[in-house]
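Enquirer: If you use our numbering, the sequence shown corresponds to residues 309 to 401, in order. Can you keep this structure in mind? I'll have questions shortly.
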Amino acid sequence: MQCCSYLSTGLSALGPISGMMSADQKLLDLPPSAKLVFIVLEHEEPLTQKQIGAETLLPPRTVRYALAQLKEIEKISEKIHFADARQKIYEIA
């Protein structure tokens, strides 16, 4: 059937299927706080959550939410902070 040929190509009538969005498009769709955290990490990685909060002047809860969203789209990675195992260090993936 020609009327539904877009289904086999992974495209919908409105554009790419959301599961096939590029990582950059997903980053653009994030809220401003997540974009700010990403930019800070680009320039000053690696940082702890507390350091990110100090650099961005965002509240701790907003920083946690932004980091969770960035981890979800695999734009950042987290590692154990060896000087203080209670903290994690974040950097661009």
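The beta-carbon is built from N, C-alpha and C at its ideal position, and this holds for glycine as well.
Could you please give me the residues that DSSP links to I360 through a beta bridge?
Expert: Paired residues: none, contrary to the question.
Enquirer: In whole angstroms, give me the CA-to-CA distance for A331 and I384.
Expert: Between A331 and I384, the C-alpha separation is close to 11 angstroms.
Enquirer: Hey, quick one: how far does the alpha helix (DSSP H) through S385 stretch, first residue to last?
Expert: That residue, S385, is in no alpha helix (DSSP H); its beta strand (DSSP E) goes I384 to I388.
Enquirer: The beta strand (DSSP E) that contains I400, what's its start and end?
Expert: Unbroken beta strand (DSSP E) run through I400: K396 to I400.
Enquirer: Buried or exposed: F390, going by 16 or more other Cβ atoms within 10 Å of its Cβ?
Expert: Its Cβ having fewer than 16 others within 10 Å, F390 is exposed.
Enquirer: Can you tell me where the alpha helix (DSSP H) with I381 in it begins and where it stops?
Expert: Where I381 is concerned, there is no enclosing alpha helix (DSSP H), given that its DSSP letter is neither H nor E.
Enquirer: Look at the alpha carbon of E382 and the alpha carbon of I400, and state the distance between them as a whole number of angstroms.
Expert: If you take the alpha carbons of E382 and I400, they lie about 9 angstroms apart.
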